Each structure stands twice: as structure tokens, then as C-alpha cells.
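A.B. asks: Each residue of the sequence shown is one higher than the last, beginning at 395 in the working numbering. Just dropping this structure here.
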Amino acid sequence: MNPVLRTSDGHLLTDDVGSPVLDEDAEHHLTRVLRLRDGATVTVTDARQAPRPSVTVTVAPSR
């Protein structure tokens with residue numbers, strides 16, 4: 395298994411790895427299901443690239 399994926403708190407599939415955007419379902423999964431908070435390490439990837447680590451700047455679930 396990829397060590398980057400093994401140490402991340404969550405994983406996000408996105409269209410643009412350079413500027414990942416959370417849709418409502420992804421936001422719900424990361425903040426409500428996984429209960430991630432500010433500073434959690436989340437990897438992002440698309441269909442063409444290897445996973446790239448990213449650190450969340452803000453994690454604020456919409457109400």
C-alpha cells in the first residue's frame with residue numbers, strides 16, 4: 395500500500411488535484427462521517443495522477 399495513503403486521515407477524489415473542491419457529499423463524509431477537523435491530512439487524487447498529500451486549511455461543515 396502507498397505510505398502516503400496509509401498515513402492520511404481521509405482521501406478525496408477530485409477533478410482538479412491542484413485546486414480540489416469539496417462537493418456536498420465529500421464535505422459530509424470528511425466532516426461528519428470521518429469527523430475530521432482543521433489540520434487533518436487528506437490525500438487528493440484524480441484518475442490520471444498518483445495520490446498527493448494535502449493538509450486541510452479549514453474544515454467547517456455547512457449547517
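Built from N, CA and C at the ideal position, the CB exists for glycine as well. Small disclaimer: the values here were computed from a predicted structure and weren't measured.
1) State the Cα-Cα distance for the pair Val411 and Asp440, rounded to the nearest angstrom.
2) Within the continuous alpha helix (DSSP H) that includes His422, where are the two ends?
3) Using only the alpha-carbon positions, how far apart do Val451 and Gln443 sit?
4) Which one of His423, Ala434, Val427 has the shortest CA to CA distance from Leu407?
5) Could you tell me which residues DSSP pairs with Gly433 in its beta bridges?
C.D. replies: A quick look at the data gives this:
1) Position 17 of the sequence shown holds residue 411. Position 46 of the sequence shown holds residue 440. C-alpha separation (whole angstroms): 6 Å.
2) Looking up residue 422 in the sequence shown gives position 28. From DSSP, the alpha helix (DSSP H) with His422 extends over 418-422.
3) As a position in the sequence shown, residue 451 is number 57, starting the count at 1. As a position in the sequence shown, residue 443 is number 49, starting the count at 1. Its pLDDT being 43, under 50, Val451 is placed unreliably by the model, and nothing is read from it.
4) To locate residue 407, count along the sequence shown from 1; it is residue 13. With distances taken between Cα atoms, Leu407 lies closest to His423.
5) Mapped onto the sequence shown, residue 433 falls at position 39. In the DSSP output, where bridge partners are listed per residue, Gly433 has none listed.
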